[in-house]
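Trainee: Chains as they are written, first to last, in full-length UniProt numbering: chain H, 1 to 427; chain U, 1 to 427. My questions will all concern the structure given below.
Shown next, in the form of C-alpha cells:
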C-alpha cells in the first residue's frame, strides 16, 4: 500500500454517499467540488463529520493528555481512517493503538512509529506480520498484550522457529474478575511477568489495563472501580520493577477508553527505576457522539469542574421516504448506515424541503426501530405532523465505532453543510 | 467502474482476512494460492462461505421459484457482491432487487438488465441516477416503489424539469397498518394508481408488497397474515387492470423475503388482461444462516412437506485469545466482524490446535456478549474446560446481511476449509 493511495485514494460512485454522476476523484479533490449536503448534491443516507467539532475534539483530547502529563495513543479501531490517524499524530499523539495486526498495518502505513496492539497476539501469521512490519519499518515500536502463560507458550514456540527475530515487546494485561481479558490476580500477573522476563521471545515493556468496560456513569462507583484497578496496575508495575523484569528504557503504563479516562490519567504516572510513560488510548473522542459518550462525558465534565471540550461531530443525514400513518415517518436509513448496538439513533435536526433553516429535532421524536435500510421515526407533535416525503432528518449516534465501520468514506462539512474535505476508512 | 475491476478486483493485505504477507492478488487468483483456513494461512477472525452450501442454495431457490411459476429477483442488498449477483443471474434469476440507487448501480455494472428498487425513490439525485443508468445501458429496466401522492409529486416535479427523460417504471407498494411503507388501504392505493397513470412522469408496471416483516414463525399466523396481504395485492392489481392503469406489456406482481416466501409465491400468479410476471425477491437464502432464517426455513420445510435445500453457508472462524476464568473463553472476534442485530452469534464448531478434526460445538457453549473486537464464549462442560489459547472456534450467524456488510472480501472454502474462490462486497 503506498502512502498516496492510503491518504489520498481515488473515490468513485461505487461508494455509498458519492454522487452518482461525479467522476472518480482523489479524496483531496472532494473538498473543492462545491458540494452541499442540504442541497441534495450527494445521495442519502450520508454520514458526515462536522469539521469544527472534529478539529476541536482532536485538540481537546490531546491537551487533556498533555495537561495530565501522559501521552495519547488513540485507539485507531474507532475510525480506521488513515487521514484521521495522521491528524491525531500531527496533533501530538505519542502513537496509535490498534486491536489487530491488520489494523496495525494500516496505522504503520499511515505513519505511526509507536504502536500498541491492545489485544492478545498469538497466531503465527500475526507474529510474522509484526516481525515483517518491524523489518520493513526500521525504528517501528510495536507492543502487544500478554495475559497468560498459554499465550506466551505460543509466542515462544513461534519465536523458537524464527531465531533471527528480535523479541516481541509486550505489555502485561491486568484484568478484573468477571471482566474480559487480563490477569485476575497479582500473583498470576507476577508469575507471568517473570516468565516473560525469562523468555527469549518477549521483552516486558509495560503494564496495561482497560477500565472502560467497568464504567457505569455513576461517578462514585466509577471512581472506586478505576482506583481499585489502577492500584493493582501500579502494584504490579512496582513489583516488576523491583524484580527488574522490565526490559526497556521506558516503562509504559497504559489504560483509558473514552468513558472515564479522567479517572485513570493521573494514576498512569509513577516513579520507578526507569522513566515511566503513561498512555491513554481513547478512541471515540474523535467524533464523540450524541448518546453513550455524551452521557459519560457529562460526568467527566462534572468531575473536572470546568466542562469539557468534546462535541458530537458525526451525523447521519437522510430523508423522509413515506409518512404512512399519523405519528410515523419512514426514513431512508438503516442498520447498514448507522450504529444501533448501544442504543437506536437519536433524531437531532431536520429541514423542510422548502429550504428553510435546519431546525433542532423536537423532543417527542424517537427512532422506534431500524431495519436494514429503513428507520421508524415516531413523534406526536406538530412538527412530526408537518413532516413530508423529501424532508431531511439528521440522526445522531451512540457509539462512533459502529457508524464508522458502515462507511468507506465520509465528507467533512462546515456549519452550512458544505463539503470541505473527506476521509476514508479501511475496515 | 469497469467490469473486470468489479468482478475481479485486486485485493491486498489492507483488507481484513487477507494474509499479511501475500502480494496483491486478483480475486480470481485467490482460489489457486493453496491457502487453508484451519492451517492458519489467513489471519483471524475470518468470515468464510462454504462452497457447496452456497452452490446448493443458489440452485434450490431458483428451482423453488421455477417450480412455483414465478421469477426470482434476489435482493442484492444482502450480499452486495458482484460475483454473487453474477452467480444468481447465471442460475436463471429474472433480475435483481436493490434498496438504493447506489446499490442498483453496482448491480447494473455486474450485468443485471432487469432491476427492482424495492424502495421509494424521490430524491433528484437518485432520479437522475436512474435516468443516467437507463441512458448508458440501453434495454435496462428499472422499476421502483411509489406509495404516496407526495412522493409522486416529487418525481413529477423532477421530471417536469427533465422533459427528455422517459417516464419512470414504478410499482405501487401495498403496506399494512402498523407496518412500514406502503399504501394502507385499497382506496388510497387505487387513487394513487390513477394518479400514476395520469402522470407523464411515471408508468405503473406492477404491484409490490413485502410480507417478511410480519413473519413470526408460527405457520397458522403467518399464513393468515400473508393471505390477507396478498389478497389485497391481488385486489388492487385486478382493479388497476380493470381501469387499464398499467402501462406495460407485462404486469409485475412481487413480494417475498426469505422467511415465508412459500406463503406468497403461488399468489403472485393471476390472470389479468396482460401477462403477469410474479417475482420473489428473497436475499438471505444465498448463505442462509444458523439462526433466524434457519428457524423460519424449518417452518417452510414443514409446510412444504418435503424439507428444503438451504444450508448455512457462512461461518466466522476465530481463535481463543484468553481463558481468564473457568467457564469463560475470550474469542478474537467482535461487532466489527459478525451479525449481532437479531441475536448473538452461535458457536457451531471448534478445533483444538493439536490439529485434530473439527468438532461440533457442544450445546452448552453460548456467546454471552460481544464487544467491538471480542466475544465472550461461556460454557460449563468438559470441552469448554479443555479450550486453550489458540484453539479455533467457528461461529454461525443469524441474519446474513449484517455479516456480509462487515467484510470487503470473503474466501469461498471447500469442506476441508481450503480456499477455492473469493467474493468481494461493495457496501
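Note that CB positions come from ideal geometry on N, CA and C, so glycine has one too.
(1) Under 8 Å, with one C-beta from each stretch per pair, do the segment 147 to 163 of chain U and the segment 180 to 200 of chain U reach the 3-pair mark?
(2) Taking residue 310 of chain U as the reference, which of U:289, U:274, U:326 has the closest Cα?
(3) If you count every other CB in all the chains shown that lies within 10 Å of the CB of residue 3 of chain U, and 16 or more means buried, which is it?
(4) Compute the distance between the beta-carbons of residue 170 of chain H and residue 142 of chain H, then report whether it is under 7 Å.
(5) Grab the span of the alpha helix (DSSP H) containing residue 82 of chain U for me, first residue to last.
(6) Once DSSP output is grouped into helix, strand and coil, what is the label at residue 383 of chain H?
(7) Would you verify that the beta carbon of residue 140 of chain H is, or is not, closer than 7 Å to some beta carbon of chain U?
(8) Run through the UniProt domain "D-serine dehydratase-like" (313 to 414) of chain H for me and flag every whole alpha helix (DSSP H) of 4 or more residues, listed as ranges in chain order.
(9) Roughly how many angstroms lie between the CA atoms of residue 269 of chain U and residue 101 of chain U, to the nearest whole one?
(10) Of all the options U:331, U:353, U:284, U:206, which has the alpha carbon lying nearest to the alpha carbon of residue 60 of chain U?
(11) Taking only the alpha-carbon atoms, compute the straight-line gap between residue 336 of chain U and residue 402 of chain H and give it to the nearest angstrom.
(12) Nearest to residue 298 of chain U by CA position, among U:261, U:281, U:274, is which residue?
(13) According to DSSP, what are the bridge partners of residue 254 of chain H?
(14) Can you give me the C-alpha to C-alpha distance between residue 56 of chain H and residue 292 of chain H, rounded to a whole angstrom?
(15) So residue 189 of chain U contacts chain H; which residues on that side make the cut at Cβ distance below 7 Å?
(16) Could you tell me the boundaries of the beta strand (DSSP E) in which residue 58 of chain H lies?
(17) Buried or exposed, going by whether 16 or more other CB atoms sit within 10 Å of the CB of residue 185 of chain H?
(18) Listing by chain order, which chain H residues have their CB less than 7 Å from the CB of residue 124 of chain U?
(19) Could you please give the first and the last residue of the uninterrupted alpha helix (DSSP H) stretch that includes residue 147 of chain H?
(20) Which chain H residues are close to residue 269 of chain U, counting only those with a beta carbon under 7 Å from its beta carbon?
(21) Do you know whose CA, among U:98, U:172, U:266, lies nearest residue 117 of chain U's CA?
(22) Could you tell me whether any Cβ in chain U is nearer than 7 Å to the Cβ of residue 193 of chain H?
(23) By a C-beta neighbour count over all protein chains shown, 10 Å radius and 16 as the cutoff for buried, is residue 287 of chain U buried or exposed?
(24) Classify residue 271 of chain U: buried if its beta carbon has 16 or more other beta carbons within 10 angstroms, exposed otherwise.
(25) With a cut-off of 8 Å, do at least 3 Cβ pairs link the segment 111 to 130 of chain H to the segment 16 to 25 of chain U?
(26) Does residue 147 of chain U get closer than 7 Å to chain H when you measure Cβ to Cβ?
(27) Report the start-end ranges of each beta strand (DSSP E) in the segment 186 to 230 of chain H that is 3 residues or longer and not cut off at the edges.
(28) At 7 Å on the CB atoms, spell out the chain U contacts of residue 319 of chain H, in chain order.
(29) Tell me whether residue 39 of chain H sits in a helix, a strand or coil according to DSSP, three-state version.
(30) Helix, strand or coil, according to DSSP, for residue 423 of chain U in the structure here?
(31) Report the rounded CA-to-CA distance for residue 326 of chain H versus residue 351 of chain H, giving the unit in angstroms.
(32) Would you mind sorting residue 138 of chain U into buried or exposed? The rule is 16 or more other CB atoms within 10 Å of its CB.
(33) I want to see whether chain U comes within less than 7 Å of residue 282 of chain H, judged by CB atoms only; does it?
(34) By the 10 Å Cβ neighbour count, where 16 or more other Cβ atoms means buried, how is residue 162 of chain H classified, buried or exposed?
(35) Thinking just about the alpha-carbon of each residue, which of H:359, H:360, H:175, H:86 is nearest to the one in residue 120 of chain H?
(36) Out of curiosity, what's the CA-to-CA distance linking residue 246 of chain H and residue 407 of chain U?
Mentor: This is what the structure gives:
(1) Two segments are said to touch when three or more pairs of C-beta atoms, one from each, lie closer than 8 Å; by this definition the segment 147 to 163 of chain U touches the segment 180 to 200 of chain U.
(2) Along the second chain, read from residue 1 onward, the residue named residue 310 of chain U stands at position 310. Taking only the C-alpha atoms, the option nearest residue 310 of chain U is U:289.
(3) Translated into positions along the second chain, residue 3 of chain U becomes position 3. Residue 3 of chain U is exposed by the Cβ-count criterion.
(4) Counted from its first residue, the first chain places residue 170 of chain H at position 170. Counted from its first residue, the first chain places residue 142 of chain H at position 142. No. Outside cutoff.
(5) For this step, residue 82 of chain U is matched to residue 82 along the second chain. It spans 82 to 90 - the alpha helix (DSSP H) in which residue 82 of chain U sits, taken as one unbroken run.
(6) Sequence index remark: in the first chain, residue 383 of chain H carries index 383 (1-based). Reduced to three states, the DSSP call for residue 383 of chain H is helix.
(7) On the first chain, residue 140 of chain H is found 140 positions in, with the first residue counted as 1. Closer than 7 Å: no.
(8) Runs found: 382 to 386, 401 to 404.
(9) Sequence index remark: in the second chain, residue 269 of chain U carries index 269 (1-based). Sequence index remark: in the second chain, residue 101 of chain U carries index 101 (1-based). Between residue 269 of chain U and residue 101 of chain U, the alpha-carbon positions lie close to 28 Å from each other.
(10) As a first step, residue 60 of chain U must be located in the second chain, where it is residue number 60. Of the candidates U:331, U:353, U:284, U:206, U:284 places its Cα closest to the Cα of residue 60 of chain U.
(11) The residue given as residue 336 of chain U occupies position 336 in the second chain. The residue given as residue 402 of chain H occupies position 402 in the first chain. Roughly 7 Å between the two C-alpha positions.
(12) Residue numbering aside, residue 298 of chain U sits at position 298 when the second chain is read from its first letter. Among U:261, U:281, U:274, the Cα nearest to that of residue 298 of chain U belongs to U:261.
(13) Residue numbering aside, residue 254 of chain H sits at position 254 when the first chain is read from its first letter. H:208, H:279, per the DSSP bridge assignment.
(14) Indexing the first chain from 1 puts residue 56 of chain H at position 56. Indexing the first chain from 1 puts residue 292 of chain H at position 292. Using only the alpha carbons, I get a separation of about 19 Å.
(15) Here residue 189 of chain U refers to the residue found at position 189 when the second chain is read from its first residue. The premise fails here: residue 189 of chain U is roughly 12 Å from chain H at the closest Cβ pair, so nothing lies under 7 Å.
(16) As a first step, residue 58 of chain H must be located in the first chain, where it is residue number 58. Per DSSP, residue 58 of chain H belongs to no beta strand (DSSP E); it is in the alpha helix (DSSP H), 51 to 67.
(17) Mapped onto the first chain, residue 185 of chain H falls at position 185. Around the beta carbon of residue 185 of chain H, a 10 Å sphere encloses fewer than 16 other beta carbons of the protein chains shown; the residue is thus reported as exposed.
(18) The count along the second chain starts at 1 and reaches residue 124 of chain U at position 124. Chain H residues near residue 124 of chain U: 40.
(19) Residue mapping note: residue 147 of chain H aligns to position 147 of the first chain, counting from 1. Residue 147 of chain H -> no alpha helix (DSSP H), and no H or E assigned at all.
(20) Position 269 of the second chain, counted from the start, is the residue given in the question as residue 269 of chain U. Correct list: empty, because the minimum Cβ distance to chain H is about 28 Å.
(21) The residue given as residue 117 of chain U occupies position 117 in the second chain. Among U:98, U:172, U:266, the Cα nearest to that of residue 117 of chain U is on U:98.
(22) Taking the first residue of the first chain as 1, we reach residue 193 of chain H at position 193. Not closer than 7 Å to any Cβ of chain U, the Cβ of residue 193 of chain H fails to qualify, so no.
(23) Numbered from 1 along the second chain, position 287 holds the residue referred to as residue 287 of chain U. When all chains shown are included, residue 287 of chain U counts as buried.
(24) Position 271 of the second chain, counting from 1, holds the residue named residue 271 of chain U. Classification of residue 271 of chain U: exposed, given that the 10 Å Cβ count is below 16.
(25) Three or more Cβ pairs closer than 8 Å define a contact, and the segment 111 to 130 of chain H meets that threshold against the segment 16 to 25 of chain U.
(26) Within the second chain, residue 147 of chain U is the residue found at index 147, counting from 1. Residue 147 of chain U counts as touching chain H.
(27) If we require 3 residues or more, the beta strand (DSSP E) runs fully inside the segment 186 to 230 of chain H come out as 202 to 208.
(28) The residue you call residue 319 of chain H lines up with position 319 of the first chain. Proximity of chain U to residue 319 of chain H at the Cβ level (cut-off 7 Å) is accounted for by 123, in chain order.
(29) Translated into the one-based positions of the first chain, residue 39 of chain H becomes position 39. The DSSP-derived three-state label of residue 39 of chain H is coil.
(30) The residue you call residue 423 of chain U lines up with position 423 of the second chain. Residue state for residue 423 of chain U is assigned as strand, using DSSP reduced to three classes.
(31) Reading the first chain from its first residue, position 326 is the one you call residue 326 of chain H. Reading the first chain from its first residue, position 351 is the one you call residue 351 of chain H. Residue 326 of chain H and residue 351 of chain H have their alpha carbons spaced roughly 19 Å apart.
(32) Residue numbering aside, residue 138 of chain U sits at position 138 when the second chain is read from its first letter. So residue 138 of chain U counts as exposed.
(33) Mapped onto the first chain, residue 282 of chain H falls at position 282. No, its Cβ sits nowhere closer than 7 Å to a Cβ of chain U.
(34) To locate residue 162 of chain H, count along the first chain from 1; it is residue 162. Residue 162 of chain H comes out exposed.
(35) Here residue 120 of chain H refers to the residue found at position 120 of the first chain. Nearest Cα to residue 120 of chain H within the set H:359, H:360, H:175, H:86: H:175.
(36) As a working note, residue 246 of chain H is residue 246 in the first chain. As a working note, residue 407 of chain U is residue 407 in the second chain. Taking the straight line from one Cα to the other gives about 39 Å.
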